[in-house]
Each structure stands twice: as structure tokens, then as C-alpha cells.
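Read top to bottom, the protein sequences are chains A and B. 114 is the number that the numbering used here gives to position 113 of the first sequence; each next residue is one higher, with no gaps. 391 is the number that the numbering used here gives to position 121 of the second sequence; each next residue is one higher, with no gaps. Presented below is the structure to which this report refers.
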Amino acid sequence: PTHGVLHLGRPATEQEITAWDIDVRPDGLGLPEGSGTVMEGEPLYTERCASCHGDFGEAIGRWPVLAGGFDTLTRERPVKTIGSYWPYLSTVYDYIRRAMPFGDARSLTDDEVYALTAYVLYLNDVVTDQEFELSKENFTSIELPNEDGFVVDDRLSEPHYAEAADPCMRNCKPGKAKITMHAAVLDVTPEDGNEDEA
Amino acid sequence: MTEMKSSRRSFLKGGLTAGAAAAAAAVSGRAMAEGDPAITEVQDWNRYLGDGVDARPYGHPSQYESHVVRQDVPWLTADPISSVNFTPLHELDGIITPNGLCFERHHAGIADIDPAQHRLMINGLVETPLVFTMGDLMRFPRENHVYFLECAANSGMEWRGAQLNGCQYTHGMVHCVMYTGVRLKHLLREAGVKESAKWLLAEGADASAMTRSLPLEKGLEDCLVAWKMNGEALRPEQGYPLRLVLPGWEGNMWVKWLRRIEVGDKPWHQREETSKYTDLLANGKARRFTWVMDVKSVITSPSPQAPITHGKGRAVLTGLAWSGNGAISRVDVSLDGGRNWTTARLDGPSFSKALHRFYHEFDWDGSELFLQSRAIDEKGFVQPTKNELRAARGENSIYHNNGIQTWHVAKDGAVENVEIS
Chain A
2 PTHGVLHLGR PATEQEITAW DIDVRPDGLG LPEGSGTVME GEPLYTERCA
52 SCHGDFGEAI GRWPVLAGGF DTLTRERPVK TIGSYWPYLS TVYDYIRRAM
102 PFGDARSLTD DEVYALTAYV LYLNDVVTDQ EFELSKENFT SIELPNEDGF
152 VVDDRLSEPH YAEAADPCMR NCKPGKAKIT MHAAVLDVTP EDGNEDEA
Chain B
271 MTEMKSSRRS FLKGGLTAGA AAAAAAVSGR AMAEGDPAIT EVQDWNRYLG
321 DGVDARPYGH PSQYESHVVR QDVPWLTADP ISSVNFTPLH ELDGIITPNG
371 LCFERHHAGI ADIDPAQHRL MINGLVETPL VFTMGDLMRF PRENHVYFLE
421 CAANSGMEWR GAQLNGCQYT HGMVHCVMYT GVRLKHLLRE AGVKESAKWL
471 LAEGADASAM TRSLPLEKGL EDCLVAWKMN GEALRPEQGY PLRLVLPGWE
521 GNMWVKWLRR IEVGDKPWHQ REETSKYTDL LANGKARRFT WVMDVKSVIT
571 SPSPQAPITH GKGRAVLTGL AWSGNGAISR VDVSLDGGRN WTTARLDGPS
621 FSKALHRFYH EFDWDGSELF LQSRAIDEKG FVQPTKNELR AARGENSIYH
671 NNGIQTWHVA KDGAVENVEI S
């Protein structure tokens, strides 16, 4: 035992690390060799993805929407997709490879994941050429529209925290409380027997 | 013999129903002169023998507690595999959640892992990438800690207003157990973290291969790699055989079925920290890496699933408070919708980053009430109102809703989830 203080565990082999360490960072670290085109992605998407995510990434039922929703982030009902919301393409590649298709994860080859990633870019109008080929080499040149849409956690600067005032104990608000919204009116709690809610 | 036993059981059940009816009649007054049959009549359990010690090798709650179960809300998610259910907070007391009632959140269902085949790998910016078996992990020094685990989306359905009727649904994505495990820092020290290391990536072994980035400082500060909860092995739905414990931080990061920790110099921006678990603000920007769960509380009884059924007179109000910033130092309660507040009584152990139990005993005169609780943590942070949160964030943050909850108690004792002016 050459490692550590308590000499527990054993060194991992290269093959073991390769088998499990499949994560990809925004700077491209972790991308495998390979490539795939929009054209190659389309039949794959139709076969492996469209039954949940819809032919155009619009989603079936409550499954995640993958495309569209541009300029909706300030609306009352934002549509957060890869194109409208996700900051980095690396996440698309990484997540498809590690967890999709739902129920058959890790079944896609690295080239197939490149092709599907290229097709998702096409669905989101980030690329418009069906001949476009995504590869390890050109991967980090692709930017998603909302890359700059994220800020650091600054919750504690919000007034209710920042003021750190002693809370009011007596006569804090005038008048008697009035109900402005009822949960019972909405009636979507399972115990109420409402099961046909979409 | 079995047949006799079973017929005796149905007799016992029938007897109970009759007994309960008689007891109710007694309480209503008419039969009071003769006394309460629950006392004056010999009950079946006074006469017949109960089960032997060989009947319940792993015990279950009484049949009369069969309503105290996790509940799901089918319309919340596309299917029950990547979904959530809810802890029955309204029926629990104290601060420890029973293992079988801890809410579940999976992204690819419950992985069924043979612990003999489970491995934990540490790789990346380390001197020696390592593989541990469960047996290896149990040879490290162990620690025991009580922590709450709250889903980042707890109360998330309530951002726009009162929606689900019961604290199980509005606040039940939280549980609190005692974990046994090894400090992550001991495992990292064994592999030897390199100078350039700043971030860790935790990864699960299930089919979602859940990944989250966390800063190295947190990993060295108080994170545990745990294999026991409340004294026994983790339940499969809580990550058996191994999970990450990040005291005070959002539940998504507590990676279950933990199989790998990678050491790096930058965050990975994985799906669960970009698409999900980022908090959209009214201006269209979104906060990322909102890790801490802020100061929060809820009255668990009275509540919509726990109405007042005893009429006027002495009543017990109870609830839970917690904060990812440390221990709870105070909880105030209001019976009139935040016009006036009284400091509640904290009872039971007070652990940092754990649930705290509070009580407020009062005389109910039968008038309508607007119940609220307001927690204050050891850092001095005061639980905000929902309107204060909305003013700062808008209504589309999904996560991190720690706003003050209001329950309306009607004159008949029924309780409803409401928003008030």
C-alpha cells in the first residue's frame, strides 16, 4: 500500500476510470473522439427520442421540451429548452450519453451522441445546415444563446435577508386577515380524488 | 389452527367496531352513567393472546396507522420513475423521520444494487485514483450526525399561490435522520488531492448517473459518505448502499447510490445544475449554484390533513423549523395571519442543519384562525413571507421557496391552505 494515510482501497486502473469517467465540461474536457451530422442524427432521433420528446423537440405530454421557447424567460409561463435556456452544449452531449434514452441509458455510441447533439442544435436553429457535422474538434466553437443568462447566488442580498431586522411582534399589519387564494378551490390535491388533471 | 386464529381475528375486528361505536355513544353522554365500555367491558386484547415474538422479524406500524404513508401527486411529473413523493409531516412528531416514510425523489427509479458489487471511485486531480469496496469504507473512522434533507423544489408548486391542500404536499419533500458514515475528507486524503483542485463531481450508479459539482471546501468541511440511516442500512430508495450527505444543502446534491467522486479545477455544469436546480428570476436571468436551503418552518398540526376535531378549549399547535445555515434559535407563531406573534416553545434536541420541533399550546375560542410560523436561525436570518420572496424573485424560480405558510382554521375546525392579504 503506497497511497494515503490508512492505506484503504486500491489504485483504480486506466480502464476502470475510462469506463466511469464520461463527464464533459464546457471547455471540452472529457469529450471523446468522434463526430456526427444533423442528417445522421435525424433518423436516430426519430427512432430513439421522438416518442417522448416529439418530432420537433416540442415534447409529448409532460416529457421535457427540447427546442423552441426563445424569448420566453421573462414571460408568465417561460418555456425553458436547450435553445432558450441551457448555457452549454457540453451538458447536452454529457447528459444524452449518460442518461438517455430514458430506460436505456448508455446504449448510444459516442458518434451517435455527436449526431443527436447536432440534430438538437438543428431543432433549435443554432445550426441551419443539415450537412453540419459536430465533432470533438469543432465542439467548443458552438455557443448556446443563453450562455450569459446565469448569475451567482446572491439570495442573501435580498431585502428580507439583508436588512436582518428584528421581526415585528405586535400589531404588525392593519385590519383582519382576508383570504386572497384558496387551495381547496383549485382542488388538485390527490386526496380530493381529482385524478383526471393532466 | 391457522383457521381458528383467523376467525378470532375477524371477531376481534368486529368487536372493535362495536366497541368504538359504544365508546362514541358513551362520550356523547347518554351512557355515561354506566361508564365507558372501553373500560367497563373486557376488551379482546385483555382476554386473548397476541402474536408471539416470531411473528414480526421486521416490525410494521399498527394497522390503525395505515394512513401514515408517503403520497405522490401524479400530475406533477411525466411518470412515477423520475418523480417525487411526500413525507406525511402532519402525522409525525419529534425531529426524526422514520426510514420508511422519508420522501423519495428519483430520476431513473430505485436502483437495486448488490453491495458486494458496489464500488466508490475517486479520480481526477488526485495523486492516486482509488477504488473502495463497501468493506473498505467501513474501516474508516465513522461519525453520526442528524441532518435534514430538503428537496430544492419543496413548496415549489406554491410559488404562484395556494395550490396543494396539506403540509405533506406543500412541505413534505423533507426528512431528517441520523446518518452514519465517513467524512468525505478522509477519503480524499487517502487519494491525495492535488494543489490545483477546487471542485468535486459526485456521481450516482443508477440509470440517471446523477452528477453534481460542489466546491472542494464543502467536501472538506462537513460532507459525509453515509451507509446507514437511523441505525440501519440506507433504504434502497435512499441510495443503498451508499449516499452523499451535504448538510444544509439542496437535496439534489445528496447523490444516492454514490459511485464516484471526481476532483477537478472547474465546475462541470451538469444537467442538474444548468437545466435544473437553477432559479429563474423575473428579469429572465437565472441564479445558479443556489446550494443552501434557507431558514424555513411549517405548522404540521393543525393543518389541512390534521384539522381540529376536539372543539373549543385547549389546543396544541406544533410544527417543524430548519435552516441550512445552522441551528434554529427561535420560532414565532401567529394565530391572526401575522398581525401578532408569540414565540413558540422549541422542544427536543437542537442540532445544526437538522429539523427542530416547536409547540404552542393555546385555548381555542372557536373563532377562525390564520396560523403562521416564522423561523429565525442562528445566523439571524428571519424566514421571509411569500410576497417578500416574490418581490425579489418573481414567480418562476421553482426552487427555494421558504416563504411563510398560512393555514386558515374555520369555525368547524377544518383547515385550508390559503394566501392572505
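Ideal Cβ positions, reconstructed from N, Cα and C, are used throughout, including at glycine.
Please determine, among the options, the residue with the shortest C-alpha to C-alpha distance to residue i.
i      : options                        : result
B/Q540 : A/T3, A/E41, A/P88, A/V39      : A/P88
B/L490 : B/E473, B/D606, B/T613, B/H456 : B/H456
B/L494 : B/T655, B/R412, B/R609         : B/R412
A/V189 : B/E460, B/G589, B/V343         : B/V343
A/L32  : A/D111, A/Y86, A/L117          : A/D111
A/I18  : B/V323, B/P358, B/I392         : B/I392
A/M182 : B/T676, B/P331, B/D606, B/A614 : B/T676
B/A472 : A/H4, A/L9, A/I23              : A/I23
A/C173 : B/H670, B/G608, B/R389         : B/G608
B/F632 : B/F621, B/R615, B/R644, B/D349 : B/R615
B/Q508 : B/K488, B/T481, B/D476, B/V565 : B/D476
B/G260 : B/L551, B/I365, B/N657, B/A585 : With chain B represented from 271 up to 691, any question about residue 260 of chain B goes unanswered, as that position is not in the structure.
A/P1   : A/H4, A/D95, A/S36             : Coverage of chain A is limited to positions 2 through 199, which leaves residue 1 of chain A absent and any answer about it impossible.
Using 10 angstroms around the beta-carbon of residue i, count the other beta-carbons present and answer buried if the total reaches 16, otherwise exposed.
i      : result
A/F133 : buried
B/N316 : exposed
B/V685 : buried
A/Q131 : exposed
A/D149 : exposed
B/Y417 : buried
A/I61  : exposed
B/Y328 : exposed
A/F57  : exposed
A/V6   : exposed
A/Q16  : exposed
B/T310 : exposed
B/S483 : buried
B/A496 : buried
B/T588 : buried
B/Q333 : exposed
B/Q433 : buried
Note the first and the last residue of the continuous beta strand (DSSP E) segment covering residue i.
i      : result
B/N355 : 353 to 356
B/Y449 : 444 to 453
B/M499 : 494 to 499
B/W677 : 676 to 679
A/H161 : Run containing A/H161: none in the beta strand (DSSP E); it sits in the alpha helix (DSSP H), 160 to 163.
B/K566 : 566 to 571
B/R599 : In the sequence under discussion, the amino acid at residue 599 of chain B is Ser, which differs from the Arg named in the question. 598 to 604 is the extent of the beta strand (DSSP E) around B/S599.
B/W592 : 583 to 592
Which chain C residues are close to residue i, counting only those with a beta carbon under 7 Å from its beta carbon?
i      : result
A/I180 : Absent from the structure is chain C; the protein chains it does hold are A and B.
Could you compute how far the alpha carbon of residue i sits from the alpha carbon of residue j?
i      : j      : result
B/Y547 : A/P79  : 15 Å
B/M523 : A/D154 : 16 Å
B/L512 : B/V401 : 14 Å
B/G284 : B/D324 : No answer about B/G284 holds up, because its pLDDT of 42 lies below 50 and its placement is not dependable.
B/G518 : B/A378 : 24 Å
B/A292 : B/A308 : Model confidence at B/A292 stands at a pLDDT of 46, short of 50, so the residue's coordinates are unreliable and nothing is read from them.
B/F373 : A/A51  : 32 Å
B/G594 : B/D647 : 9 Å
A/W64  : B/K498 : 34 Å
A/R98  : B/L605 : 53 Å
B/A295 : B/D682 : For B/A295, the predicted model reports a pLDDT of 49, less than 50, meaning its position is unreliable; a value from the coordinates is still stated below. Whole-angstrom Cα-Cα distance: 21 Å.
B/Q313 : B/D306 : 12 Å
B/I380 : B/D549 : 27 Å
B/L407 : A/G70  : 47 Å
A/G29  : B/I531 : 19 Å
B/T544 : B/D363 : 36 Å
B/T367 : B/I578 : 23 Å
A/H161 : A/E138 : 48 Å
A/R11  : A/Y86  : 42 Å
A/A185 : B/N687 : 7 Å
B/S622 : B/R375 : 24 Å
A/D105 : A/V39  : 22 Å
Hey, quick one: how far does the alpha helix (DSSP H) through residue i stretch, first residue to last?
i      : result
B/N657 : 656 to 663
B/L407 : 404 to 407
A/L122 : 111 to 124
A/H54  : 51 to 54
B/N393 : Careful: B/N393 lies outside any alpha helix (DSSP H), inside the beta strand (DSSP E) at 389 to 394.
Exercise. Decide if the segment 373 to 389 of chain B is in contact with the segment 499 to 513 of chain B; the criterion is three or more beta carbon pairs, one per stretch, under 8 Å apart.
Key: yes
Quiz item: Within the chosen definition, does the segment 523 to 533 of chain B reach the segment 35 to 50 of chain A through at least 3 CB pairs nearer than 8 Å?
Solution: no
Exercise. Answer yes if the segment 350 to 358 of chain B comes into contact with the segment 434 to 454 of chain B, meaning at least three C-beta pairs across the two stretches below 8 Å, and no otherwise.
Key: yes
Quiz item: Hey, is the segment 648 to 657 of chain B in contact with the segment 158 to 167 of chain A, meaning 3+ C-beta pairs nearer than 8 Å?
Solution: yes
Quiz item: Using 8 Å as the Cβ pair cut-off and three pairs as the minimum, do the segment 112 to 120 of chain A and the segment 569 to 576 of chain B touch?
Solution: no
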